[in-house]
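**Q** First the structure, then my questions, so here it is.
Protein chains in written order, with my numbering: chain A, 64 to 457; chain B, 64 to 457.
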């Protein structure tokens, strides 16, 4: 029997990173791999209690089919949660989704055809590249510096493009993979450039709540007055990923389109999970969770920066994030982090190779380090091992 | 600002049924509308207890990212659950999905391009039509009789098709919307015809466990020895929909493809929900739930059949399901169930119009009645109201 497949399915490749992360299960190995939250932070007892309460008081809702846009109680809780971080959104600006990856999936379905031009940061989130490239789109990458996407290069690129891109995709806060934050000036410039060329902005914002240093910057959504921006949010990084709970924020007409698409994709996000999280937020527990996460991750970030400074040889550069989970390392150009990956495994340390975060495969000398999951001590030891390995190669 | 959208998104229409179901919120109205399980059946206390246990013993897994194919514990539980109903599947034959609607979504992505020919039953499940027609495919409908899809017509259709269809989509047990079950002979014929023309079968099987009369028939998956069949399963109908939990059963090579696709769609189905349900199954509670559901729904089905017989005027025909949640009514041909829908609402009763279940919009004189949610008394009263309304029109 010969099954035959769609054109779209031929564009999808198994994630290279998922493949090599298999090696990180080696006993004794310290992994700076996946962007996993520290499971010591999971509020197990609280979630069990809230689940019992939700089932007792509204179990008939929690286990029944829900509305595609999301449970009303959840949408209201999300609006409240955002307002705590300076983001104003009305009920009709929100659609609950089953993880922000589903947000990327729906966005791709809504906007992308084969050959559609879009603009992304270089490097950028792998899962977004995966969702976009499924449609065999035409991606243009804009380089970044320590203040985020380079606006001079964005303007120049847009001025030269023959076909207007469908959107500009950015992760302004503690970007995955670099950890870099876009400055307020750049955010304003981005909005001005997007308006000038009439191109919507997609603001992917999973880490925004996790700032350890300095003041929270206004989101692009907020700076633009909620116009011309689609914001993707999730609780996977600030609370726990096992609930798969995200949401999209956009103008009402765009949310309506997402809702219709979502009907054909999964009808609705689990009411069960939505009501549990809605109550978690309403009881003020989300704020406490975020405070606890910040307290947990800040020393880990500091430990990684200190260890890099202490152990890494000259010629190695890294970013200095103010929040989030990641840090970006550049080795001297002649070193290919994929080629030396197994050597790192022999040294009992793992990272994520940088090239797959580039739409065009460049960045072979780069790597992403995540500091959220290992302990401070492991971070210290792991960076020492990594530095030893790098020195042995240089 | 002018957003611009994909070609695919233009093929998606808001569900006509969801629109008219809004009217069913009228106080005092009896609805035979959505296929909702009876919420009195929801095992609230048991789920709260299992959730507490799961969080206590493996909360670090339940709230963390999981494997895309599914949590190993859940996959094993699903294989066990299926074996209880005569379906043999190995670990690598299963991929957990976030509702069987996601199964349809992934199937569409994997197999369909614009213009792809596929074969469906006539009528068939609306959510499948919605997922398939997103890709602007070329659907051919095969009429049914009381034994399911007409195999003579299927053979004839396939012999004349210039391009081989990508699959034959069927719901063999207590079909949505008709309630009809495909006989064993037909299932065998279907497999023979599918093999003759080298076309895979998609067996959508949400109601299989809910048989009230007679013996469970072997699934197409089982009869074919697991070859050339993709089976879609869900707990939304036999347990509760609020968890959004389904699974795909297929040959290992096909499952691998679904897993890669699912990565870009939502990374993984909530580990939280999977571990709760895995434990529910392992404790033998699923079997009890199904027994309770059968005990609840059988008298409702009988009440509906009795009331139809008692109240409906001559010229009205209906199916006699042996399980599931639905029953199919045909009015005299000159009556359009969409046109008289608001008259039904005036009579304080609602149904689902039949035309949207046909890929080509035929079936204007048909309606679907669901007996799972209303009480026996409401079913009696509702059918009486419906019959009165039909009589007033005839």
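Ideal Cβ placement from N, Cα and C applies to all residues, glycine included.
1) For a contact defined as C-beta to C-beta under 8 Å, what are the partners of residue 123 of chain A on chain B?
2) Any C-beta of chain B sitting closer than 8 Å to the C-beta of residue 365 of chain A?
3) Under a Cβ-count criterion, where at least 16 other Cβ atoms within 10 Å of its own Cβ denotes burial, should residue 384 of chain B be classed as buried or exposed?
4) Pairing CB atoms from the segment 346-357 of chain B with CB atoms from the segment 96-106 of chain B, are three or more of them under 8 Å?
5) Can you give me the C-alpha to C-alpha distance between residue 272 of chain A and residue 445 of chain A, rounded to a whole angstrom?
6) Taking the alpha helix (DSSP H) that residue 336 of chain B belongs to, which residues open and close that run?
7) Under a CB-based cut-off of 8 Å, is residue 261 of chain B close to chain A?
8) Return the first residue and the last residue of the beta strand (DSSP E) that residue 185 of chain A is part of.
9) Any contact between the segment 221-239 of chain B and the segment 72-92 of chain A? By contact I mean 3 or more CB pairs, one from each, below 8 Å.
10) Determine, using beta carbons only, whether residue 439 of chain A and residue 373 of chain A come nearer to each other than 8 Å.
11) What does DSSP give as the partner residues of residue 393 of chain A in its beta bridges?
12) Along chain B, which residues have their Cβ under 7 Å away from the Cβ of residue 387 of chain A?
13) Do residue 315 of chain A and residue 155 of chain A have their CB atoms nearer than 8 Å?
14) Where do the ends of the alpha helix (DSSP H) carrying residue 445 of chain A lie?
15) At a Cβ threshold of 8 Å, is residue 317 of chain B touching chain A?
16) Taking C-alpha atoms, which residue in B/73, B/90, B/92 and B/96 lies nearest to residue 84 of chain B?
17) Distance, Cα to Cα, residue 299 of chain A vs residue 129 of chain B?
18) When DSSP labels each residue in this structure, what does residue 137 of chain A get in the three-state scheme?
19) If you follow the beta strand (DSSP E) that residue 208 of chain B is in, where does it begin and where does it stop?
20) One question on the structure: do residue 131 of chain B and residue 326 of chain B come within less than 8 Å of each other, judged by their Cβ atoms?
21) Do we get a CB-CB distance below 8 Å when we pair residue 373 of chain A with the residues of chain B?
22) Please confirm whether residue 428 of chain A and residue 402 of chain A have their CB atoms less than 8 Å apart.
23) Buried or exposed: where does residue 376 of chain B fall if 16 or more other Cβ atoms within 10 Å of its Cβ makes it buried?
24) My output table needs one value for residue 226 of chain B: the three-state DSSP class, helix, strand or coil.
25) Closest to residue 422 of chain A by C-alpha separation, out of A/107, A/70, A/73 and A/200, would be which residue?
26) For residue 420 of chain A, which of A/435, A/400 and A/406 has the nearest alpha-carbon?
27) Is residue 107 of chain A closer than 8 Å to residue 340 of chain B when the C-beta atoms are compared?
28) Check the C-beta distance from residue 173 of chain A over to residue 295 of chain A and give it rounded, since I have them as a contact under 8 Å.
29) Can the beta-carbon of residue 265 of chain B be found closer than 8 Å to that of residue 170 of chain B?
30) For residue 326 of chain B, which residues in chain A fall below 9 Å Cβ to Cβ?
31) If we ignore side chains and look at the alpha-carbon of each, how far apart do residue 212 of chain A and residue 435 of chain B end up?
32) If you measure from the beta carbon of residue 176 of chain B to each beta carbon in chain A, is any gap under 8 Å?
33) Listing by chain order, which chain A residues have their CB less than 9 Å from the CB of residue 127 of chain B?
34) Rounded to whole angstroms, what's the CA-CA distance from residue 284 of chain B to residue 251 of chain B? Just pull it up for me.
35) Cα separation between residue 443 of chain B and residue 381 of chain B?
36) Indicate whether at least one CB of chain B lies closer than 8 Å to the CB of residue 255 of chain A.
**A** Result, derived from the coordinates:
1) 102 and 105
2) no
3) buried
4) yes
5) 27 Å
6) 334-345
7) yes
8) 180-185
9) no
10) no
11) A/380 and A/429
12) Those do not exist, as residue 387 of chain A stays about 16 Å from chain B at its closest Cβ, beyond 7 Å.
13) yes
14) 439-456
15) yes
16) B/96
17) 12 Å
18) helix
19) 201-208
20) yes
21) no
22) no
23) exposed
24) coil
25) A/200
26) A/400
27) no
28) Not confirmed; about 12 Å, so no contact.
29) yes
30) 75, 77, 78, 81, 164, 190 and 193
31) 55 Å
32) yes
33) 99, 100, 102, 105, 303, 304 and 305
34) 11 Å
35) 16 Å
36) no
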